[in-house]
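Notes follow the structure.
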Amino acid sequence: MFDIRYKSHHDVKEVINKLLKKKIATPLAVAKIMNQDPESKEAGIYVHTPYCDKICAFCNMNRKQVDNDLNSYVDYLCNEFKKYGEKRYVKGKVITSIFFGGGTPTIYKAPQLEKILSTLRENFTLSDDCEFTFETTLHNLTDEKLRIMEKYGVNRISIGIQTFSNRGRKVLNRTYEKDEIIKRIKHIKEMFKGLICIDIIYNYLDETEEEVEQDALIAAELGVDSVSFYSLMIHEGSKISKDLANNKVRFDYEIARDMKLHEQFLNITLNRGYSLLEHTKISNGKDEYKYIKNINSFKDLFAIGVGAGGRVKDLEYYNLNKYITFYARDSKLKYEVKKLSGILQYPKVQLNKILEFAGNDAYKEVEKLLKEYEKLGYIKLYNDYFEYTLTGVFWGNSIDAQIVEKVIEIRLEKR
């Protein structure tokens with residue numbers, strides 16, 4: 017039914033952006049909002065750190081670590097926290113999720129990290145149950161940094177493992193071998209009271225079924241709270257893409273192979289107490305991943321740092337650098353379609369929610385697609401909801417994109 021497989025919700029977002037262009041907005045539009053009282057209390061924060069000390073083979077970002085740059089960047093982040101904290105709109109908000117992404121947010125030295133976190137806490141009001149996440153690598157996360165993070169409320173860490181296979185780690189240019197990784201994760205579990213989440217990549221170059229099985233079994237045996245699992249995405253500019261172009265390595269992507277490894281990983285982990293949280297994440301029930309739920313439900317997200325993107329009401333913005341930010345406003349259709357896409361990311365989808373965001377005419381066409389998906393074994397359709405099967409989860413982002421495309425097509429025709 018599908019010519020290609022979309023592997024991430026980012027792919028679906030690109031489909032939406034191609035079909036519905038952004039309407040450029042001005043800084044004045046955001047400034048106006050920031051001088052108002054908020055209509056709703058909840059908001060999130062995303063803080064971006066565009067630095068790494070080692071580049072993964074699948075990454076296409078231009079990263080560097082220079083001490084002077086880091087000192088300057090720490091000052092920049094702290095000044096941004098203070099600027100946000102002074103705004104009337106922000107003062108009326110309660111932060112329910114914070115996500116430090118990158119790059120590597122634990123690349124900072126301990127005193128720099130303490131300055132960042134203390135300044136953030138001084139300028140925002142956090143809810144008692146705020147989910148506070150830090151992405152990290154194992155080699156950047158020291159005991160001292162972990163203590164500082166926990167001191168300021170960090171209660172969730174996301175570790176970029178990618179694979180436990182020693183061969184695979186060389187392919188992906190990762191630090192440490194399997195035994196050292198296991199040792200370090202066990203040590204973190206002893207020290208850290210919060211949630212421990214990891215990323216796993218499957219179907220990387222020449223990955224075997226035995227390597228997939230090993231990744232799934234070790235993750236389950238370690239008792240990590242959630243696993244984000246992605247099929248390898250080859251980005252232009254990454255080392256892997258360059259090696260492929262220069263015939264240094266070979267990668268023959270086959271959808272059947274991708275599906276087999278995907279279902280193998282899922283079957284092993286689901287049989288060991290994990291459940292699907294969304295298309296690309298399993299959880300032991302403790303990790304709710306509130307940050308992404310807030311994004312999918314279109315709560316405000318204050319974006320801080322170079323490369324950070326966020327949202328205030330119906331305005332999206334992206335910080336190109338320290339001095340330039342792009343602003344865009346969603347049309348009513350684009351706003352509703354994005355909300356529709358968000359609910360389609362979860363294993364169980366309420367049909368009345370699809371109707372709410374699709375509209376009556378488009379919903380009739382969506383119903384036809386849902387019946388077709390059921391025939392193909394992608395979903396199980398009930399009176400008021402549907403659930404994805406494991407095969408449906410594999411195709412989940414392609415299903416999301418196809419439904420969204422159909423809704424946009426019908427809605428535009430009816431204008």
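Numbering follows the working numbering, in which position 31 of the sequence shown is assigned residue number 47; successive positions increment by one, without gaps.
Where a beta carbon is used, it is the ideal one built from N, C-alpha and C, also for glycine.
If you're wondering where the values come from, they're calculated on a predicted model, not measured in any experiment.
Ordered along the chain, which non-local residues of its own chain (more than five positions away) have a Cβ less than 7 Å from that of residue i?
{"i": "residue 78", "result": "Residue placement at residue 78 is flagged as unreliable, the pLDDT there being 44, under the threshold of 50; the coordinate-derived value follows with that caveat. So no residue of the chain qualifies."}
{"i": "residue 330", "result": "345, 346 and 351"}
{"i": "residue 180", "result": "194, 197, 230, 231 and 234"}
{"i": "residue 377", "result": "426 and 430"}
{"i": "residue 386", "result": "395, 397 and 402"}
{"i": "residue 41", "result": "331, 343, 344 and 345"}
{"i": "residue 392", "result": "17"}
{"i": "residue 337", "result": "322"}
Among the residues of its own chain, which have a CB less than 6 Å from the CB of residue i, if the five just before and after it don't count?
{"i": "residue 362", "result": "294"}
{"i": "residue 325", "result": "319 and 334"}
{"i": "residue 169", "result": "148"}
{"i": "residue 371", "result": "379"}
{"i": "residue 290", "result": "298 and 300"}
{"i": "residue 128", "result": "90"}
{"i": "residue 417", "result": "22, 28 and 31"}
{"i": "residue 408", "result": "394 and 395"}
{"i": "residue 390", "result": "397"}
Taking the Cβ atom as the reference point for each residue, do residue i and residue j lie within a distance shorter than 9 Å?
{"i": "residue 228", "j": "residue 235", "result": "no"}
{"i": "residue 320", "j": "residue 97", "result": "yes"}
{"i": "residue 205", "j": "residue 154", "result": "no"}
{"i": "residue 357", "j": "residue 22", "result": "no"}
{"i": "residue 215", "j": "residue 247", "result": "no"}
{"i": "residue 353", "j": "residue 32", "result": "yes"}
{"i": "residue 47", "j": "residue 109", "result": "no"}
{"i": "residue 166", "j": "residue 117", "result": "no"}
{"i": "residue 404", "j": "residue 292", "result": "yes"}
{"i": "residue 342", "j": "residue 359", "result": "no"}
{"i": "residue 161", "j": "residue 122", "result": "yes"}
{"i": "residue 126", "j": "residue 152", "result": "no"}
{"i": "residue 411", "j": "residue 394", "result": "yes"}
{"i": "residue 16", "j": "residue 66", "result": "Because the chain spans 17 through 431 in this model, residue 16 falls outside it and cannot be assessed."}
{"i": "residue 281", "j": "residue 218", "result": "yes"}
Taking DSSP as the reference, what is the three-state secondary structure of residue i?
{"i": "residue 82", "result": "Reliability of the predicted coordinates at residue 82 is poor, the pLDDT of 49 falling under 50, and no value is obtained from them."}
{"i": "residue 196", "result": "helix"}
{"i": "residue 159", "result": "helix"}
{"i": "residue 212", "result": "strand"}
{"i": "residue 21", "result": "coil"}
{"i": "residue 285", "result": "helix"}
{"i": "residue 312", "result": "helix"}
{"i": "residue 145", "result": "strand"}
{"i": "residue 273", "result": "helix"}
{"i": "residue 267", "result": "coil"}
{"i": "residue 28", "result": "helix"}
{"i": "residue 340", "result": "coil"}
{"i": "residue 415", "result": "helix"}
{"i": "residue 172", "result": "strand"}
{"i": "residue 345", "result": "strand"}
{"i": "residue 180", "result": "coil"}
{"i": "residue 319", "result": "strand"}
{"i": "residue 408", "result": "helix"}
{"i": "residue 331", "result": "strand"}
{"i": "residue 294", "result": "strand"}
{"i": "residue 250", "result": "coil"}
{"i": "residue 423", "result": "helix"}
{"i": "residue 305", "result": "coil"}
{"i": "residue 403", "result": "strand"}
{"i": "residue 392", "result": "helix"}
{"i": "residue 188", "result": "coil"}
{"i": "residue 73", "result": "Note that residue 73 scores 49 on pLDDT, short of 50, meaning its location in the model is unreliable; the coordinates nonetheless yield the value given after this. It is coil, neither helix nor strand."}
{"i": "residue 258", "result": "helix"}
Report all residues from its chain with a CB closer than 8 Å to the CB of residue i; omit the five preceding and five following residues, and keep chain order.
{"i": "residue 192", "result": "154, 155, 185 and 200"}
{"i": "residue 348", "result": "none"}
{"i": "residue 283", "result": "406"}
{"i": "residue 135", "result": "93, 94, 97 and 98"}
{"i": "residue 314", "result": "327, 351, 354, 355 and 358"}
{"i": "residue 285", "result": "232, 235, 236, 243 and 298"}
{"i": "residue 57", "result": "108, 109 and 110"}
{"i": "residue 164", "result": "126, 129, 130 and 133"}
{"i": "residue 100", "result": "106, 139, 140, 318 and 320"}
**OP:** Say whether the region 294-308 touches the region 131-150, bearing in mind that this needs 3 or more beta-carbon pairs closer than 8 Å, one atom from each stretch.
**Re:** Verdict: yes, contact present.
Subject >> Cβ contact check for the region 96-111 and the region 48-64: 3 or more pairs under 8 Å >> reply: Yes: the two stretches touch, three or more of their Cβ pairs being nearer than 8 Å.
Original post:
Which parts of the region 46-70 are runs of the beta strand (DSSP E), unbroken and 3 residues or longer, counting only runs that do not cross its ends?
Top reply: DSSP runs (the beta strand (DSSP E)) wholly in the region 46-70: 58-65.
Subject >> Sequence ranges, beta strand (DSSP E) only - wholly within the region 90-152, length at least 3 >> reply: Within the region 90-152, complete beta strand (DSSP E) segments of at least 3 residues are found at 110-118 and 142-152, given in chain order.
Original post:
Fully enclosed by the region 347-384, which beta strand (DSSP E) runs are 3 residues long or longer?
Top reply: DSSP runs (the beta strand (DSSP E)) wholly in the region 347-384: 364-366.
Original post:
Any contact of the region 256-266 with the region 274-282, i.e. 3+ C-beta pairs under 8 Å?
Top reply: Contact fails between the region 256-266 and the region 274-282, because fewer than three Cβ pairs, one in each stretch, are under 8 Å apart.
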